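Trainee: Here it is, the structure in full.
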Amino acid sequence: MHLPHRSWTGRGWNFPPSHPAAGFPCLQNYFSGGSQPGGEDRRGRNRSDEQRITTAAILEIQLEGRKERPTMPMLKNVLGLDLGSQAFKAVEFKQTLRGLELVQMRIHSRASDEIDFSEQVRDFIQQNEFSTEYVCSAVPGSLVSSRTVDFPFRDRKRLNQAVPFQVEGDIPFDIEDVLIEWQIIGGDRNHSTVNTSVAQRSHISELVEKLAEANVQSRVIESGGLVLANLTTLFELEGSRVLVDLGHTQTTFCLLRDGQPIGTRTVPVGGRAITQAMASDRGLDLTDAERLKCEQGIFEEGWGSPYPNAVAAVDRIAREILRSIEGSSTPTGEPANPSMFEITLMGGGAHLKGISEYLSERTGIHTSLIAAPEDSEEAQLASGGDPVLFGPAIALALRGTSRATTQSNFRKEDFAFKTDYGWLRSKELRPTLVLAGLTLLLLGASSIASISIESNRADRMERQIASQYGRAFPGEPIPNRPVAAMRQAVDDARERADFLGLYGGNLSALDLLSLLSEKIPPDLKIRFEEVNIDRNVIRIKVVAENYESQDRMENLLRSETVFSEANVSGSAKRMKDGSVTFALSIPLEQVGEES
8 MHLPHRSWTG
18 RGWNFPPSHP
28 AAGFPCLQNY
38 FSGGSQPGGE
48 DRRGRNRSDE
58 QRITTAAILE
68 IQLEGRKERP
78 TMPMLKNVLG
88 LDLGSQAFKA
98 VEFKQTLRGL
108 ELVQMRIHSR
118 ASDEIDFSEQ
128 VRDFIQQNEF
138 STEYVCSAVP
148 GSLVSSRTVD
158 FPFRDRKRLN
168 QAVPFQVEGD
178 IPFDIEDVLI
188 EWQIIGGDRN
198 HSTVNTSVAQ
208 RSHISELVEK
218 LAEANVQSRV
228 IESGGLVLAN
238 LTTLFELEGS
248 RVLVDLGHTQ
258 TTFCLLRDGQ
268 PIGTRTVPVG
278 GRAITQAMAS
288 DRGLDLTDAE
298 RLKCEQGIFE
308 EGWGSPYPNA
318 VAAVDRIARE
328 ILRSIEGSST
338 PTGEPANPSM
348 FEITLMGGGA
358 HLKGISEYLS
368 ERTGIHTSLI
378 AAPEDSEEAQ
388 LASGGDPVLF
398 GPAIALALRG
408 TSRATTQSNF
418 RKEDFAFKTD
428 YGWLRSKELR
438 PTLVLAGLTL
448 LLLGASSIAS
458 ISIESNRADR
468 MERQIASQYG
478 RAFPGEPIPN
488 RPVAAMRQAV
498 DDARERADFL
508 GLYGGNLSAL
518 DLLSLLSEKI
528 PPDLKIRFEE
538 VNIDRNVIRI
548 KVVAENYESQ
558 DRMENLLRSE
568 TVFSEANVSG
578 SAKRMKDGSV
588 TFALSIPLEQ
598 VGEES
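Have a look at this one:
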């Protein structure tokens with residue numbers, strides 16, 4: 008289901024006067040906006056305010072937390088899998104830090120419907136040994152409703168709430184039965200143009216299940232029309248353009264403006280319809296009609312044809328191209344002019360002889376087949392096959408790389424991709440797993456042996472330290488932690504040495520005090536009232552009998568070399584009993600150095 012451009016403010020579809028739907032009021036009513044509060048929507052459902060609030064909550068939960076997509080991871084193989092109704096086509100790229108490299112392009116005609124679809128896909132993957140690390144596929148455009156909507160704001164949080172409301176009233180399904188994807192494709196700071204895609208959950212579920220049966224877990228499921236926009240990052244597709252994928256059962260259009268998708272549409276007319284028309288015109292069976300179509304085409308000189316019904320099918324494609332262009336609008340909101348566009352063809356039907364020239368004649372728009380890029384490095388990425396045939400598959404492969412233009416992915420919520428580790432149980436990996444197990448066992452045994460050796464070494468060292476402690480401290484019990492006990496003993500000894508002034512030299516503080524006592528004559532009546540010893544000096548408070556005793560003490564110190572730096576500091580004070588007190592300082596460092 009593909010609808011024309013819609014405006015947010017009017018809650019209705021704006022058909023330009025030239026659009027075919029403009030003359031049919033029934034279509035205008037069908038595409039009209041939602042309901043008024045308490046009224047009926049276009050499906051005849053009574054919608055009270057309370058019900059609409061409930062729906063709002065559901066929609067907010069569905070799209071809550073939607074954020075900008077992160078940059079695609081690097082260093083991987085990406086497989087674009089185009090599962091057409093007549094053939095399978097696949098393109099495999101390798102994403103490296105330097106860019107993209109082409110791995111392979113393959114095409115395989117589908118067998119009859121009697122052979123299971125999943126079995127055919129599985130055989131196609133296995134025969135060509137494709138990497139399924141990162142697979143991108145698409146749901147057919149005929150199963151996706153796509154439209155472009157304008158909003159008077161750009162805030163993504165508000166868009167998360169507004170987009171489902173915009174879509175919910177105009178699809179013939181319950182909101183719980185569909186998946187909604189959207190991305191901003193234009194606008195400015197206060198305005199946004201959003202492309203929305205809606206697919207039924209049942210269709211996504213069916214595709215996921217079929218691929219799973221083929222042992223393929225697709226990480227991305229895109230919209231079959233929208234994904235074509237990724238081709239703009241590889242091929243020269245500038246300006247306004249219509250990409251036309253002429254398939255076997257349907258034709259898909261993707262409208263582009265400056266590399267961004269502005270609309271998609273799918274019509275049920277393709278190569279099979281042309282073949283059936285040829286068979287009807289000439290009374291041929293389908294096999295002969297298909298062969299003549301491929302060998303001779305349907306056109307004669309001057310666009311005459313013996314297959315009028317087949318030409319009518321191509322004419323319908325031409326009309327649908329024009330309708331798609333006329334249903335779009337310019338950035339200013341005016342109906343688009345077909346003369347502004349170019350048409351680029353791809354798909355198997357694009358090889359019908361003369362079809363590009365005929366479409367150009369019928370639409371008045373320049374039409375050509377998609378061609379390989381002019382740049383040699385870019386052309387290398389499309390060198391593995393015909394770009395016309397592999398165009399959609401190339402677009403799918405690009406979707407999984409850092410070049411991706413589109414961001415839609417229907418693999419979300421219940422269908423979100425989950426890594427499958429079942430491959431670890433495969434027969435091919437059993438020898439590897441056995442070797443890995445043996446390696447882990449050997450590693451564990453080696454670790455245990457190393458731990459045992461280190462434990463024994465530690466025990467021996469503890470016994471040796473305990474023995475050393477017993478010799479250093481005889482008679483004391485061996486503590487549980489002898490190393491810590493010895494460290495504490497060393498710290499205690501250092502503290503005692505600090506207190507006593509043992510800092511090198513030959514004389515300690517005690518030695519100096521003893522020497523000082525020996526040098527004082529018996530008739531010199533003094534006593535030491537206070538003695539303080541620190542790291543640098545001995546401070547003594549001396550009490551003498553009189554001032555003469557102080558002078559004799561000072562002369563005595565100066566006469567001894569070891570006390571040459573001693574200092575009698577401060578003025579002497581006479582006490583009540585007639586004695587005199589004064590302070591004596593003896594430097595330890597200088598004494599130690601001279602001694």
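Numbering (the numbering used here), first residue to last: 8 to 602.
Beta carbons are placed, not taken as given, at the ideal position from N, Cα and C, and that holds for glycine.
All values reported here derive from a predicted model rather than from experimental measurement.
Name, in chain order, the residues that DSSP records as bridge partners for T200.
Mentor: Counted from its first residue, the sequence shown places residue 200 at position 193. T200 pairs with D157, G193.
Trainee: Can you find at least 3 beta carbon pairs, one from the region 156-165 and one from the region 239-248, that sit closer than 8 Å?
Mentor: Counting Cβ pairs under 8 Å, fewer than three are found: no touch.
Trainee: Residue range of the alpha helix (DSSP H) that E216 falls in?
Mentor: For this step, residue 216 is matched to residue 209 along the sequence shown. Unbroken alpha helix (DSSP H) run through E216: 208-220.
Trainee: Looking at C-alpha atoms only, which residue of L396, T203, I362 is the closest neighbour of F609?
Mentor: A question about residue 609 goes unanswered here, because the residues of the chain that appear run from 8 up to 602.
Trainee: Rank I269, R248, G304 by C-alpha distance to the C-alpha of H373 and give the top, closest one.
Mentor: Locating residue 373 in the sequence shown gives position 366, counting from the first residue. The shortest Cα separation from H373 among I269, R248, G304 belongs to R248.
Trainee: Closest to D120 by C-alpha separation, out of Y141, R129, G407, Q93, would be which residue?
Mentor: Here the question's residue 120 lines up with position 113 in the sequence shown. It is Q93 whose Cα lies nearest to the Cα of D120.
Trainee: Along the chain, where does the alpha helix (DSSP H) that runs through E536 open and close?
Mentor: If you number the sequence shown from 1, residue 536 lands on position 529. From DSSP, E536 is part of no alpha helix (DSSP H) but of the beta strand (DSSP E) over 533-540.
Trainee: Expressed to the nearest angstrom, what Euclidean distance is found between the alpha-carbon atoms of K83 and A423?
Mentor: By one-based count along the sequence shown, residue 83 stands at place 76. By one-based count along the sequence shown, residue 423 stands at place 416. Cα-Cα distance, rounded: 20 Å.
Trainee: Give a yes or no on contact between the region 548-562 and the region 523-539, applying the rule of three or more CB pairs nearer than 8 Å.
Mentor: Yes, since at least three Cβ pairs between the region 548-562 and the region 523-539 fall closer than 8 Å, the two stretches touch.
Trainee: Since T617 sits in a beta bridge, which residues does DSSP pair it with?
Mentor: The structure shown does not extend to residue 617, since the chain is modelled only from 8 to 602, so the question has no answer here.
Trainee: Please name the residue in S230, E175, L352 whose C-alpha comes closest to that of L376.
Mentor: Position 369 of the sequence shown, counting from 1, holds the residue named residue 376. For the residues S230, E175, L352, the minimum Cα distance to L376 belongs to L352.
Trainee: Would you mind reading off the limits of the beta strand (DSSP E) that contains Q640?
Mentor: Since the first residue shown for the chain is 8 and the last is 602, residue 640 is missing from the structure and cannot be characterised.
Trainee: How would you label H198, buried or exposed, when you count the other beta carbons within 10 angstroms and need 16 or more for buried?
Mentor: Looking up residue 198 in the sequence shown gives position 191. By the 10 Å Cβ count, H198 comes out exposed.
Trainee: Where are the alpha helix (DSSP H) runs, 4 residues long or more, that stay fully inside the region 262-329, in chain order?
Mentor: Here the runs fully enclosed are 278-289, 293-302.
Trainee: Report the three-state DSSP secondary structure of N84 (helix, strand or coil).
Mentor: To locate residue 84, count along the sequence shown from 1; it is residue 77. Strand, per DSSP.
Trainee: Could you pull out every residue in the same chain whose Cβ sits closer than 6 Å to the Cβ of L440, ignoring the five residues on either side in sequence?
Mentor: Within the sequence shown, residue 440 is the residue found at index 433, counting from 1. Excluding residues within five positions, none has a Cβ falling inside 6 Å.
Trainee: What is the DSSP secondary structure of G585, reduced to helix, strand or coil?
Mentor: In the sequence shown, residue 585 corresponds to position 578, counting from 1. Residue state, collapsed to three classes: coil.
Trainee: Quick one, which of L442, L396, A579 has its alpha-carbon nearest L359's?
Mentor: Taking the sequence shown and counting its residues from 1, the one referred to as residue 359 is at position 352. Closest option to L359, Cα to Cα, is L396.
Trainee: If you measure between the beta carbons of I281 and V321, is that distance less than 9 Å?
Mentor: Numbered from 1 along the sequence shown, position 274 holds the residue referred to as residue 281. Numbered from 1 along the sequence shown, position 314 holds the residue referred to as residue 321. Yes, these two residues count as a Cβ contact at 9 Å.
Trainee: Does the distance from the CB of T200 to the CB of V234 come in under 9 Å?
Mentor: Here the question's residue 200 lines up with position 193 in the sequence shown. Here the question's residue 234 lines up with position 227 in the sequence shown. No, these two residues do not count as a Cβ contact at 9 Å.
Trainee: Residue ranges of each beta strand (DSSP E) run of no fewer than 3 residues wholly in the region 446-524, ordered along the chain?
Mentor: The qualifying runs do not exist here; there are none.
Trainee: Check whether the region 398-408 and the region 86-102 are in contact - that is, three or more C-beta pairs closer than 8 Å.
Mentor: Short answer: they touch.
Trainee: How about the region 376-391 and the region 278-298: do they share at least three Cβ pairs that are nearer than 8 Å?
Mentor: These segments do not touch.
Trainee: In the DSSP assignment, the alpha helix (DSSP H) including E384 goes from what residue to what residue?
Mentor: Your numbering for residue 384 matches position 377 in the sequence shown. Where E384 is concerned, the enclosing alpha helix (DSSP H) stretches over 383-388.
Trainee: Would you call the region 404-420 and the region 220-232 in contact, with 3 or more CB pairs under 8 Å?
Mentor: Verdict: yes, contact present.
Trainee: Whole angstroms are fine: how far does the CA of L591 sit from the CA of K583?
Mentor: Position 576 of the sequence shown holds residue 583. Position 584 of the sequence shown holds residue 591. Taking the straight line joining both Cα atoms gives about 21 Å.
Trainee: Taking the C-alpha atoms as reference points, what is the distance between P438 and G444?
Mentor: Within the sequence shown, residue 438 is the residue found at index 431, counting from 1. Within the sequence shown, residue 444 is the residue found at index 437, counting from 1. Taking the straight line joining both Cα atoms gives about 10 Å.
Trainee: Could you tell me which of G356, L299, P268 sits nearest to G254, measuring between CA atoms?
Mentor: Within the sequence shown, numbered from 1, the residue matching residue 254 stands at position 247. Nearest of G356, L299, P268 to G254, Cα basis: G356.
Trainee: Between T256, Q257, T271, which has its C-alpha nearest L633's C-alpha?
Mentor: There is simply no residue 633 to check, as the chain begins at 8 and stops at 602 in what is shown.
Trainee: Hey, could you find the ends of the beta strand (DSSP E) D252 is sitting in?
Mentor: Residue 252 sits at position 245 when you count from the first residue of the sequence shown. 247-253 is the span of the beta strand (DSSP E), which, as asked, contains D252.
Trainee: According to the Cβ coordinates, are V85 and V142 closer than 9 Å?
Mentor: Taking the sequence shown and counting its residues from 1, one reaches residue 85 at position 78. Taking the sequence shown and counting its residues from 1, one reaches residue 142 at position 135. In contact: V85 and V142 (Cβ atoms closer than 9 Å).
Trainee: Does the distance from the C-beta atom of Q133 to that of H115 stay below 9 Å?
Mentor: For the purposes of this step, residue 133 is identified with residue 126 of the sequence shown, where counting begins at 1. For the purposes of this step, residue 115 is identified with residue 108 of the sequence shown, where counting begins at 1. No, the Cβ-Cβ distance between Q133 and H115 is not below 9 Å.
Trainee: Relative to the C-alpha of I593, which residue among E213, E175, T259, I545 is closest?
Mentor: By one-based count along the sequence shown, residue 593 stands at place 586. The candidate whose alpha carbon is nearest that of I593 is I545.
Trainee: Can you check DSSP and say which residues form a bridge with I259?
Mentor: By 1-based counting over the sequence shown, the position of residue 259 is 252. Correcting the residue identity first, residue 259 is Thr in this sequence and not Ile. Per DSSP, D252, T273.
Trainee: Can you have a look at W189 and say buried or exposed, based on whether 16 or more other CB atoms are within 10 angstroms of its CB?
Mentor: Taking the first residue of the sequence shown as position 1, residue 189 is located at position 182. So W189 ends up on the buried side.
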